[in-house]
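As given, the protein sequences belong to chains A and B, one line each in that order.
Counted from 1, the first sequence has number 635 at position 636 by numbering that gives the first Met the number 0; the numbering is strictly sequential.
Counted from 1, the second sequence has number 54 at position 55 by numbering that gives the first Met the number 0; the numbering is strictly sequential.
No residue lacks a Cβ here, since even glycine has one placed at the ideal position from N, Cα and C.
Step one of this worksheet: look at the structure below.
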Amino acid sequence: MSAPQARIANLTDLRHAAARGRKSLLPNRPKILVGLATCGLAAGADEVYEAIRDEVARLRLPYLVASTGCIGWCSQEPLVDVRLPHKPRISYGRMDAPKARELVQGLREGNLKTQWAIGLLTGHDNPVTRTRTRYSKQSARLDGVPRYEDLDLFRYQVRLVTRNCGVIDPASLDEYIARAGYLALNRALTAMRPEQIIDEVTGSGLRGRGGAGFPTGKKWEVIRRQAASPKYVVCNADEGDPGAYMDRAVLEGDPHSVLEGMTIGAYAMGASEGVIYVREEYPLAVKRMLDAIRQAESVGLLGDNIFNSGFSFRTRVVQGAGAFVCGEETALIASVEGRVGEPRQRPPYPAEKGLGGKPTCINNVETWANIPVILMRGGEWYARLGTATSKGTKVFCLVGAINNPALIEVPMGITLRQIVYEIGGGILRGRNFKAIQTGGPSGGCIPEAQLDLEVDYESLTQAGAIMGSGGMIVMDSATCMVDIARYFLTFLADESCGKCFSCRKGLQRMRQIVTRITEGLGSEEDLSLIEDLGWMVRETSLCGLGQTAPNPVLTTLRYFRDEYLAHLREKRCPAKVCRELITYRIEATLCDGCGACVRVCTSEAILGEKKKVHTIDNAKCIKCGSCLEVCQPQAVVVS
Amino acid sequence: MGERIDVDEILRDRWERPENLIAVLQEIQSRFHYLPEEALCTVSRRFRIPLTEVFHVATFYNCFSLQPRGHHQVKVCLGTACHVRGGQVIMDKVLRELNLPTGGTTADFGFSVEPVRCLGCCALAPVMRVDERTYGHLLQSRVPKILKGYRLPALATV
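Structure representation (structure tokens):
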């Protein structure tokens, strides 16, 4: 977009870029920001963005209209933010094109449209430099609009990895630099020896954020000591766990933070080449990353002799091809090499023999994005956050049956209860909490009794789940735990690469048995058979996929055995989910005969004249639930 | 579908090394919406990789298809969050609307439908993507209208 820039070779050049970045970050004219990450776009943010640009151009207003990444307030997408010079930033939620136009017109007349405002942002912390940029000099208040720091959703958050998401325009290198970007790389290359960097990372206690939690500093140390060359650094952005999208949010909202982290790591370990492996379902993340690499190359922040230090580093993007198992590091390497993504025996670990048989450091997106902060603030500072064994913060995707689905970054050690009830605002429609599923298909379902668990790697493992990449899916009384077990087994049986017989066949058998239970055809012996099979798959599979695959089934059996028994003994699905065990009917006292259900029923199973009570013919009903969705008086009942 | 299968253009600027195999297959897939047998043979010859191995890769990864796909790719998300909020019900509705009881591609090659395991917009669940566009907070009742929007232009291009 911008003209070709001069090479950034030292601190002075960085300061110049930062000055340019500040001009667009905090301009002396009104600025309108639209969240244009994938989730915003899915909610219609592109139309909102177009409408605002149109309206600003039509009215010839001197406003700056820009895009930004995800601030994590997912339930309010599409989000629009307005900042007038020297004033706090106002967030508007659930915008659409007509409202957006009206907002622009209002701004021109000095009307802030506070009725649509959902939050007031008074400034931004920068964890890299430990500074806070205040948006206005006076104490900021706006009637009826809560301040971010007073909202439960944001009160507990400590945003290190997501420090720039929703703040900067991800397409602007200057804005990243204005937020102290590439300062850590400059310090690393010009003032630190590789050993010092690894000491800081080790001292920080940072553990791999991809899920397994291996100490990052230790891994770096092993690779540093390898004599073979070349060495590689890899960013694992094959975020396959359903229910987790923090990596996508960082890649889309702040791609340079990952590049900076990787470059620092490469210098510390003596690597000269990098690979960013992004799953193919994330086209926008790929685009953002490619743009960021091009920008960094054009100013010399990637390439030869970075900051005139003599250190050279290049990186490229490789797109996945749709295989969950490629998140496993040896499978990922096979895929980067153009082969089928099957894991292999470890050791040797990729740290010794990875890409092309050379030492390779594979870290997750979130791990890399932590590095610049750790380097600038010191490992000791980072280690003060979190619990005894798990330091720092963790980004979680809080979704499912919850009032405020959100992308949050919180210190390790926060309780699940705080996450669900305070940050998440409790359960949807006032229903009862049933379980929280963490760690994706390798994780487990944690019940109400364990909600006071302080979240860290060890506590979640003890509960039968895992930290995983950080997806948290909240389940309420309308979720059937047997159905969830069947869901994960289906997922894993599909995604098992098939190399190990036990994983391939064991999961298929488990799926068969659990499916039988959901159909009301199981027997009580099935439960011990599942447990036996689960144990076998765990003990005899080669990679993490198989070793953790039984977790969802085993935790649901451990905590929700009564639901299995209801399916087995009474042929009843307590959550009214399993299709073979439920029927639909219309409650005669509630039906007003509007006929909405008749119009949507594609199997012609609903009988009755207009204005008269309708009935469902169970022989024809396919239990699709269309009538339930449209019935205003809620006369459709599932039993 | 009488199009000549010509992959020379795709292969022209490619270094024919094994690590580029997946990327080349991805380009062929996006160009033809599937991997024609002829193209796989050409790739095998040019890359000096046995056809069985090319076939192995082509059948291992979900993004490849050996059958021709439709003009519009409908991907219904069946990630965990979508599952909890009725993703399967949306999937069934899409299949009923397009008269595809077991999934796959419509007879007129207008649509191909497949499940996808998480598009990463879990807060908007249930979600589906048609080509490049993602639709969130889906209800069964919205599905016919969304699909209708793609039906007409598809007919126009045939």
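Original post:
What are the residues that DSSP puts in a beta bridge with GLN72 (chain B)?
Top reply: As a first step, residue 72 (chain B) must be located in the second sequence, where it is residue number 73. Looking at the DSSP assignment, GLN72 (chain B) forms a beta bridge with B:SER111.
Subject >> Interface positions of the stretch 423–452 of chain A facing chain B (Cβ-Cβ less than 7 Å), listed along the chain >> reply: GLN436
Original post:
Can you round the beta-carbon distance between LEU118 (chain B) and PHE110 (chain B) to whole angstroms, since I take them to be within the 8 Å contact cut?
Top reply: Locating residue 118 (chain B) in the second sequence gives position 119, counting from the first residue. Locating residue 110 (chain B) in the second sequence gives position 111, counting from the first residue. With 8 Å as the limit, LEU118 (chain B) and PHE110 (chain B) do not qualify as a contact, their Cβ atoms being about 18 Å apart.
**OP:** Compare the beta carbon distance of LEU450 (chain A) and CYS69 (chain A) with 8 Å and say whether it is the shorter of the two.
**Re:** Numbered from its first residue, the first sequence carries residue 450 (chain A) at position 451. Numbered from its first residue, the first sequence carries residue 69 (chain A) at position 70. Not a contact, by the Cβ cut-off of 8 Å.
Original post:
In chain E, what lies closer than 7 Å to ALA42 (chain A) by C-beta?
Top reply: Within the model displayed, chain E is absent; protein chains A and B are what it includes.
Original post:
Does the Cβ of ALA155 (chain B) have 16 or more other Cβ atoms within 10 Å, making it buried, or fewer, making it exposed?
Top reply: The residue labelled residue 155 (chain B) in the question sits at position 156 within the second sequence. Confidence at ALA155 (chain B) is low in this model, with a pLDDT of 46, below 50, so its placement is unreliable and no value can be given for it.
**OP:** Can you tell me which of the three DSSP states MET94 (chain A) falls into?
**Re:** Within the first sequence, numbered from 1, the residue matching residue 94 (chain A) stands at position 95. If DSSP states are grouped into helix, strand and coil, MET94 (chain A) belongs with coil.
Original post:
Smallest Cα separation from GLN28 (chain B): which of B:VAL88, B:LEU65 and B:THR41?
Top reply: Position 29 of the second sequence, counted from the first residue, corresponds to residue 28 (chain B). Checked all of B:VAL88, B:LEU65 and B:THR41; the closest Cα to GLN28 (chain B) is B:LEU65.
Original post:
So which of A:GLY71, A:ARG57, A:ASP80 and A:CYS73 has the shortest CA-CA distance to ALA65 (chain A)?
Top reply: Looking up residue 65 (chain A) in the first sequence gives position 66. ALA65 (chain A) has its Cα closest to that of A:ASP80, out of A:GLY71, A:ARG57, A:ASP80 and A:CYS73.
Original post:
ALA187 (chain A): which of A:ALA634, A:THR262 and A:ILE31 sits nearest, CA to CA?
Top reply: Residue mapping note: residue 187 (chain A) aligns to position 188 of the first sequence, counting from 1. Of the candidates A:ALA634, A:THR262 and A:ILE31, the one whose C-alpha sits nearest the C-alpha of ALA187 (chain A) is A:THR262.
Original post:
Looking at the unbroken beta strand (DSSP E) that takes in HIS613 (chain A), where does it start and where does it end?
Top reply: Translated into the one-based positions of the first sequence, residue 613 (chain A) becomes position 614. Counting along the chain, HIS613 (chain A) falls outside any beta strand (DSSP E), and DSSP gives it neither H nor E.
**OP:** Would you verify that the beta carbon of SER625 (chain A) is, or is not, closer than 8 Å to some beta carbon of chain B?
**Re:** Numbered from 1 along the first sequence, position 626 holds the residue referred to as residue 625 (chain A). True, the Cβ-Cβ gap to chain B drops below 8 Å.
Subject >> Spatial neighbours of PRO26 (chain A) in its chain, beta-carbon cut-off 8 Å, leaving aside the 5 residues before and after >> reply: For the purposes of this step, residue 26 (chain A) is taken as the residue at position 27 of the first sequence. Excluding sequence neighbours, PRO26 (chain A) sits near LEU63 and PRO84.
**OP:** Would you list, in chain order, the members of the stretch 72–84 of chain B that have their beta-carbon closer than 9 Å to a beta-carbon of chain A?
**Re:** LYS74, CYS76, LEU77, GLY78, THR79, ALA80, CYS81, HIS82, VAL83 and ARG84
Subject >> Local conformation of ALA350 (chain A) per DSSP, three classes >> reply: The residue labelled residue 350 (chain A) in the question sits at position 351 within the first sequence. It is coil, neither helix nor strand.
Original post:
In terms of DSSP beta bridges, what is LYS30 (chain A) paired with?
Top reply: As a position in the first sequence, residue 30 (chain A) is number 31, starting the count at 1. According to DSSP, which records beta bridges pairwise, LYS30 (chain A) is partnered with A:LEU63 and A:ARG82.
Subject >> Burial state of MET0 (chain A) (16 or more Cβ within 10 Å) >> reply: Here residue 0 (chain A) refers to the residue found at position 1 when the first sequence is read from its first residue. Bear in mind that the predicted position of MET0 (chain A) carries a pLDDT of just 46, short of 50, making it unreliable; the figure below should be weighed with that in mind. With fewer than 16 other Cβ atoms within 10 Å, it is exposed.
Subject >> Assigned exposure category for ARG116 (chain B) - 16 Cβ within 10 Å defines buried >> reply: Translated into the one-based positions of the second sequence, residue 116 (chain B) becomes position 117. Buried.
**OP:** Can you pull the chain B residues whose beta carbon is under 9 Å from the beta carbon of GLY356 (chain A), in chain order?
**Re:** What you label residue 356 (chain A) is simply residue 357 of the first sequence in a count that begins at 1. In chain order: nothing, as chain B lies at least about 13 Å away.
Subject >> Buried or exposed (CB count within 10 angstroms, at least 16 for buried), TRP219 (chain A) >> reply: Here the question's residue 219 (chain A) lines up with position 220 in the first sequence. Result: buried.
**OP:** Report yes if the C-beta distance between LEU13 (chain A) and ASN235 (chain A) is below 8 Å; otherwise report no.
**Re:** Locating residue 13 (chain A) in the first sequence gives position 14, where the first residue counts as 1. Locating residue 235 (chain A) in the first sequence gives position 236, where the first residue counts as 1. Cβ atoms of LEU13 (chain A) and ASN235 (chain A): not closer than 8 Å.
Original post:
With 16 as the cutoff for other CB atoms within 10 Å, does VAL157 (chain B) come out buried or exposed?
Top reply: Taking the second sequence and counting its residues from 1, the one referred to as residue 157 (chain B) is at position 158. Low local confidence applies: a pLDDT of 40 at VAL157 (chain B) is under 50, so the model's placement there is unreliable, and no value is given.
Original post:
Is any beta-carbon of chain B found at less than 8 Å from that of TYR558 (chain A)?
Top reply: Counted from its first residue, the first sequence places residue 558 (chain A) at position 559. No, TYR558 (chain A) does not count as interfacial toward chain B.
Subject >> Anticipated Cβ contact below 8 Å, VAL249 (chain A) with GLU365 (chain A), distance rounded >> reply: Sequence index remark: in the first sequence, residue 249 (chain A) carries index 250 (1-based). Sequence index remark: in the first sequence, residue 365 (chain A) carries index 366 (1-based). Between GLU365 (chain A) and VAL249 (chain A) the Cβ distance is about 7 Å, and since that is below 8 Å, they are a contact.
Subject >> Supposed contact pair ILE426 (chain A) and ASP475 (chain A) - C-beta distance, whole angstroms, cut 8 Å >> reply: Position 476 of the first sequence holds residue 475 (chain A). Position 427 of the first sequence holds residue 426 (chain A). Their Cβ separation, rounded to whole angstroms, is 5 Å, which keeps ASP475 (chain A) and ILE426 (chain A) in contact under 8 Å.
**OP:** Report yes or no: is there a C-beta of chain A within less than 8 Å of the C-beta of ASP12 (chain B)?
**Re:** Here residue 12 (chain B) corresponds to residue number 13 of the second sequence, with the count starting at 1. No, ASP12 (chain B) lies away from the interface with chain A (no Cβ there is under 8 Å from its Cβ).
Subject >> Coarse secondary structure for TYR134 (chain B), derived from DSSP in three states >> reply: The residue you call residue 134 (chain B) lines up with position 135 of the second sequence. TYR134 (chain B): strand per DSSP, three-state reduction.
Original post:
Which stretch, first to last residue, makes up the alpha helix (DSSP H) that contains GLY469 (chain A)?
Top reply: Locating residue 469 (chain A) in the first sequence gives position 470, counting from the first residue. That residue, GLY469 (chain A), is in no alpha helix (DSSP H); it is neither H nor E in DSSP.
Original post:
For the putative contact between TYR373 (chain A) and VAL200 (chain A), defined by C-beta atoms under 8 Å, what is the C-beta separation to the nearest angstrom?
Top reply: One-based indexing of the first sequence puts residue 373 (chain A) at position 374. One-based indexing of the first sequence puts residue 200 (chain A) at position 201. The sequence given here has Ile at residue 373 (chain A), not Tyr. That belief holds up - the Cβ atoms of ILE373 (chain A) and VAL200 (chain A) are roughly 6 Å apart, short of 8 Å.
**OP:** Ignore the nearest five residues each way along the sequence and tell me which others in GLN417 (chain A)'s own chain have a CB closer than 7 Å to its CB.
**Re:** Translated into the one-based positions of the first sequence, residue 417 (chain A) becomes position 418. Once the five neighbours on either side are set aside, the close Cβ partners of GLN417 (chain A) are TYR155.
Subject >> chain A contact residues for GLN139 (chain B), given Cβ-Cβ distances below 8 Å >> reply: The residue given as residue 139 (chain B) occupies position 140 in the second sequence. Simply VAL599, CYS623, GLY624, SER625 and GLU628.
Subject >> Contact the stretch 494–501 of chain A vs the stretch 452–461 of chain A: 3+ CB pairs below 8 Å >> reply: no
Subject >> Three-pair Cβ contact test at 8 Å for the stretch 44–58 of chain B versus the stretch 307–318 of chain A >> reply: no
Original post:
Is it right to say THR161 (chain A) is buried, meaning 16 or more other beta carbons lie within 10 angstroms of its own, or is it exposed?
Top reply: Translated into positions along the first sequence, residue 161 (chain A) becomes position 162. When all chains shown are included, THR161 (chain A) counts as buried.
**OP:** Return helix, strand or coil for LEU154 (chain B), following the three-state DSSP convention.
**Re:** If you number the second sequence from 1, residue 154 (chain B) lands on position 155. At LEU154 (chain B) the pLDDT is 49, less than 50, meaning the model places this residue with poor confidence; the figure from the coordinates comes in the next sentence. The answer is helix: DSSP assigns LEU154 (chain B) an H, G or I state.
Original post:
Any beta-carbon of chain A closer than 8 Å to the one on ASN61 (chain B)?
Top reply: As a working mapping, residue 61 (chain B) is identified with position 62 in the second sequence. So yes, ASN61 (chain B) belongs to the interface.
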